[in-house]
Amino acid sequence: MSFQSLSLDPILLETLTKLGFTSPTPIQRDAIPAVLTGNDLLASAETGSGKTAAFLLPLLNQIMQHSDLGIPRALVLAPTRELAQQIMKHGEALAQSTAIQFVLLQGGANIGPQCEKLEKGVDVVVATPGRLLDHLIKGSLKLDHIQSVVFDEADRLLDMGFKDEIQRIRRRLPARRQSLLFSATIDKAIEELAQVLLENPTRVSVEGTNKAATPITQQFFAVDEEKKQKLAAYLIGKNNWRQVLVFARTKQLVDEYVKEFNLDGLPASALHGDKTQGHRNKALEQFKEGKIRVLVATDVAARGIDIPELSVVMNLELPFVAEDYIHRIGRTGRAGKEGLALSFVSVDEDWMLQELEVLLDERLTPQWVSGFEPDLTREPKSIKRNSTSARKARDKKRILGQRAKKRS
Numbered sequence: 001m002s003f004q005s006l007s008l009d010p011i012l013l014e015t016l017t018k019l020g021f022t023s024p025t026p027i028q029r030d031a032i033p034a035v036l037t038g039n040d041l042l043a044s045a046e047t048g049s050g051k052t053a054a055f056l057l058p059l060l061n062q063i064m065q066h067s068d069l070g071i072p073r074a075l076v077l078a079p080t081r082e083l084a085q086q087i088m089k090h091g092e093a094l095a096q097s098t099a100i101q102f103v104l105l106q107g108g109a110n111i112g113p114q115c116e117k118l119e120k121g122v123d124v125v126v127a128t129p130g131r132l133l134d135h136l137i138k139g140s141l142k143l144d145h146i147q148s149v150v151f152d153e154a155d156r157l158l159d160m161g162f163k164d165e166i167q168r169i170r171r172r173l174p175a176r177r178q179s180l181l182f183s184a185t186i187d188k189a190i191e192e193l194a195q196v197l198l199e200n201p202t203r204v205s206v207e208g209t210n211k212a213a214t215p216i217t218q219q220f221f222a223v224d225e226e227k228k229q230k231l232a233a234y235l236i237g238k239n240n241w242r243q244v245l246v247f248a249r250t251k252q253l254v255d256e257y258v259k260e261f262n263l264d265g266l267p268a269s270a271l272h273g274d275k276t277q278g279h280r281n282k283a284l285e286q287f288k289e290g291k292i293r294v295l296v297a298t299d300v301a302a303r304g305i306d307i308p309e310l311s312v313v314m315n316l317e318l319p320f321v322a323e324d325y326i327h328r329i330g331r332t333g334r335a336g337k338e339g340l341a342l343s344f345v346s347v348d349e350d351w352m353l354q355e356l357e358v359l360l361d362e363r364l365t366p367q368w369v370s371g372f373e374p375d376l377t378r379e380p381k382s383i384k385r386n387s388t389s390a391r392k393a394r395d396k397k398r399i400l401g402q403r404a405k406k407r408s
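Okay, so the sequence shown: first residue is 1 according to full-length UniProt numbering, each after it adds one.
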């Protein structure tokens, strides 16, 4: 299938050709026609699937039908500043041959220039929830003419506690509008949110949701907690990797790891919520330019990072929520390119590894690295999820999942 078969405006088709896009991804193939019909949409699509263009292209197509531009007609809501910036970048690239204007409303940046941009007239508003509400309260933005609203990475919007903000924003939107909800996972919480935000939505699901993308090689290493950073530095040096994205569970750990990597002679920088927007932008830019070799980030801060050539991702700790593993390793292996995801597992994280096995429906066997072998005499911390009953429950879920797969 080609983009020409999706009923997009010739100007957009020409831009896609100029940008090197020849054929739509599965989510684009299924979502674009659904959005063009004007229906609400509930889409399950992961990072790296091409979902951003899946909603931007039909929104731009709809706006181009209007002769009076400069009126906010589309709103895209994103959970993080980095993701909002990425959407803005994609949108401006796709709209480069049109007169459509975008504005980025995000926290951590001066609100004055944002107000000036709104005053001049815009067509598409890309925003994080908090800063959008700031403008609505201030009166610098009204949503009276919004025809389409996108809730991108809705699962993360809920995870970050934006449910109340979403409700406040919803009440300011026109009753007659098109609403699009994109989420990596469709669980009970997302279904409940969809019931509030959407009306008789078309459902689109890309096969492989909650499965790691095939171009990504996954490796797991058994190692004691205090040796993880040294093992990471050893592997980076041994393989001469020039660009590695490292995930840590907390902001404090991110800062500690950055300090250790720099002491090991590996230029590193941190990316987490306590860093200023200026610092975060600079860290990302230096990482992309190769001025730093290691970027250490929390899950939230890394959402929206798009580095096409990134080939290596490391998890110095497994995430508490197994689905976040998919988001993490999805930073590599983009657009069909090969990627490598390394995860370091201590004895206290065995239960997380088992949760991951249930999610991926496969057995994951950590390997050892000479000089970094784990201490087998250590016992895992005594917590509920490490109990015998919890382990048995995970084994049962994994077995039942495999049986269900065989029956289907």
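Even glycine gets a Cβ: it sits at the ideal position worked out from N, Cα and C. These figures come from a predicted structure and were not determined experimentally.
Take I292 and list the residues in its own chain whose beta-carbon comes closer than 8 Å to its own, dropping the five residues that flank it on each side.
-> P267, A268, S269, A283 and Q286
Does the Cβ of E289 have 16 or more other Cβ atoms within 10 Å, making it buried, or fewer, making it exposed?
exposed
In chain order, what residues of the same chain lie with their CB nearer than 8 Å to the CB of D274, ignoring the 5 residues before and after it? K251
Does L173 come out as helix, strand or coil in the three-state DSSP assignment? coil
*asked:* Determine whether the beta carbon atoms of S7 and L36 lie at a separation below 8 Å.
replied: yes
* To do: Just the C-alpha distance for L60 and A95, rounded to the nearest angstrom, thanks.
  => 7 Å
Cβ separation of D155 and A184, assumed to be a contact under 8 Å, to the nearest whole Å: 6 Å
- If you drop the 5 nearest sequence neighbours on each side, which residues of the same chain put their C-beta closer than 6 Å to that of R131? L105, Q106 and G107
Q.
Could you check whether T80 and T128 sit closer than 8 Å to each other, using their CB atoms as the reference points?
A. yes
Boundaries (first-last residue) of the beta strand (DSSP E) holding L105: F102 to L105
Per-residue burial, R73 [other beta carbons within 10 Å of its own, 16 or more giving buried]:
buried
Tell whether a beta-carbon distance below 8 Å holds between M314 and F372. no
When burial is assigned at 16 or more other CB atoms within 10 Å of the CB, is F320 buried or exposed? exposed
| message | Quick check on D187: buried or exposed, where buried means 16 or more other Cβ atoms within 10 Å of its Cβ? | response | exposed
Alpha helix (DSSP H) runs wholly inside the stretch 257-310, at least 4 long, in chain order
277-289 and 299-302
* If you pair each beta-carbon of the stretch 173-182 with each one of the stretch 11-25, do three or more pairs fall below 8 Å? -> no
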